[in-house]
Amino acid sequence: MAACGPTARFGAFIFCESRGRAVRSLDGPAPDSLYDRSSRASSRRRTIDTFVFPRWTNKLRVAVAVAALGVPGYGVLVLGYGGAPETTDVGYAPVQPIPYSHALHAGELGMDCRYCHASVELSAHAAIPPTATCINCHGTKFGIRRTSPKLQPLHQAFYGTDRSPPGQPIPWVRVHDLPDYVYFNHSAHVNRGVGCVSCHGRVDRMEVVYQAEPLSMSWCLHCHRNPGPNLRPRDQITNMTWQPPPGREGQELAQKLLVEYNIRPLDYMQMCSLCHR
Ligand code: HEC
Ligand code: HEC
Ligand code: HEC
Ligand code: HEC
Ligand code: HEC
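Those letters in the sequence shown? Residues 29 to 305, by this note's numbering.
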């Protein structure tokens, strides 16, 4: 504890023991603005009660004004850009280590999504295929395009090189990524007739996979509040072009599937703990 002597400089608040309790006091000569003259004469040791803000605090008022004006501006920014595609990651399409094309494999060649994303109906996650799945067709001996430079990273990972052992995974860059506090489950959706295209868009036309939907909470809830029109027969879940029949027939199909899949009521579908466990 600093002493309350004459050496203590102006502006430094010092706690002094005075009649058994701590009071804040100012010592030494102070400019007039700090004290009213009469009381200044009467006592040198003063409590905080008569403290007047020093002049430099006027500058704080400017800072406060700037902050007050800034808040609405910030609000506009958040509202304007918070939901914009750039911030929700719509269109996010990272460069992948191999120029693998869904447009070619799933589109032109017509491969089913489950050939590679085999676990999508069985577990929460849709597994990214291991290198060996690609080697089924792109092995170095008899494989398709076995001399293509585009497949070199695949061959190096699978067969190994002088510097790296065989059987390495391809370091694919993740495209879709919900925050950790959100629970999502592929099998729960796919087995109740929600097609890949509803959430991932026309993957069969993508040279490079990009995020087609915002994956925001309101986006999830939009479907959870009215799932009927988004349901399809289970054998169509990987079909990218399936459409419900128009008009009455479509409504009847939606109704039929809601019952058939035993889709739960609205209060269950909106329950916070469904997605935040
Ligand atoms: C021949 C194997 C293969 C087939 C068939 C295939 N994919 Fe993929 N898929 C991959 C690979 C490899 C990746 C990781 C590289 C990439 O993102 O391009 C991937 C990535 C994805 C991703 C992005 C995953 C992430 O990182 O968020 C989605 C979504 C996806 N596939 C959906 C589909 C859908 C829908 C189909 C069917 C229309 C399909 N895939 C068919 C191999 C395949
Ligand atoms: C069912 C067989 C099959 C599987 C499995 C398969 N591909 Fe292909 N891939 C093909 C065919 C067919 C072509 C087209 C060849 C052509 O255009 O002549 C091709 C072309 C390619 C090309 C373009 C090569 C070039 O020179 O243009 C790349 C890159 C490629 N595949 C990567 C992959 C990767 C990575 C995987 C695993 C995720 C994979 N493929 C799985 C059949 C397959
Ligand atoms: C109801 C929406 C929805 C449907 C239907 C859906 N996905 Fe996804 N998918 C997602 C979300 C959300 C993520 C991100 C998950 C995460 O970050 O945990 C994702 C991630 C992925 C991934 C990356 C690996 C993973 O599991 O995180 C692949 C691959 C994928 N989906 C493929 C598919 C395929 C193939 C189908 C159809 C058989 C499909 N998805 C159907 C919403 C969906
Ligand atoms: C296109 C429609 C659709 C979209 C989009 C959608 N869901 Fe669903 N979701 C469903 C349906 C249908 C069910 C099945 C309800 C049932 O089992 O009664 C479901 C069920 C679930 C369940 C329950 C799984 C279980 O184990 O019972 C969770 C969790 C869930 N969804 C999370 C999400 C999240 C998180 C998102 C957004 C990233 C999302 N859903 C987007 C349609 C959708
Ligand atoms: C159908 C799934 C689903 C349900 C039901 C759901 N959420 Fe969410 N919630 C999400 C997803 C997905 C995100 C992540 C959104 C993102 O990444 O922008 C999220 C994000 C949030 C966040 C973080 C928001 C932010 O801006 O960072 C809060 C808080 C939240 N949810 C609260 C709730 C509450 C409270 C309820 C119940 C009234 C609820 N959620 C119900 C899917 C859901």
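Cβ coordinates follow ideal geometry from the N, Cα and C atoms, glycine included.
query                                                                                              : result
His304 versus Trp247 - alpha carbon distance                                                       : 15 Å
Three-state secondary structure (DSSP) of Val203                                                   : coil
Pair within 8 Å by beta-carbon distance, Leu179 and Arg173                                         : yes
Length of the line joining the Cα atoms of Thr189 and Gly167                                       : 15 Å
Beta carbon shell of ligand 1 at less than 6 Å from a heavy atom                                   : Gln124, Tyr128, His130, His133, Ala134, Met139, Cys141, Tyr143, Cys144, His145, Ile156, Pro157, Trp200, Arg202, Val203, His204, Cys224, His228, Val231, Asp232, Val237, Thr266 and Met268
Euclidean distance between Cα positions of Arg262 and Pro197                                       : 32 Å
Asn86 Cβ short of 7 Å to ligand 4 heavy atom set                                                   : no
Same chain only: Cβ atoms within 7 Å of Ala131, ignoring 5 sequence neighbours per side            : Asp232, Arg233, Met234 and Glu235
Ala216, enclosing alpha helix (DSSP H) - first and last residue                                    : His214 to Val218
Pro255 beta carbon near ligand 5 (any heavy atom closer than 7 Å)                                  : no
Tyr128 burial status per 10 Å Cβ neighbour count (16 or more: buried)                              : buried
Nearest candidate by alpha-carbon position, reference Glu149, set Asp117, Gly98, Cys224 and Ser192 : Cys224
Sheet register partners of Leu259 (DSSP bridge)                                                    : Val222
Any non-hydrogen atom of ligand 4 within 7 Å of Tyr209 CB                                          : no
Proximal residues to Ala121 (C-beta, below 6 Å), its chain only, five neighbours per side dropped  : Val236 and Tyr238
Among Leu281, His250, Pro193 and Ala152, nearest to Ser215 - alpha-carbon criterion                : Ala152
Alpha carbon of Met297 to alpha carbon of Pro274, nearest angstrom                                 : 26 Å
Whether Asn258 touches Ser301 by CB criterion (8 Å)                                                : no
Proximity to Gly221 [Cα-Cα], best of Leu294, Cys251 and Val123                                     : Cys251
Heavy atom of ligand 2 within 7 Å of Thr168 beta-carbon                                            : no
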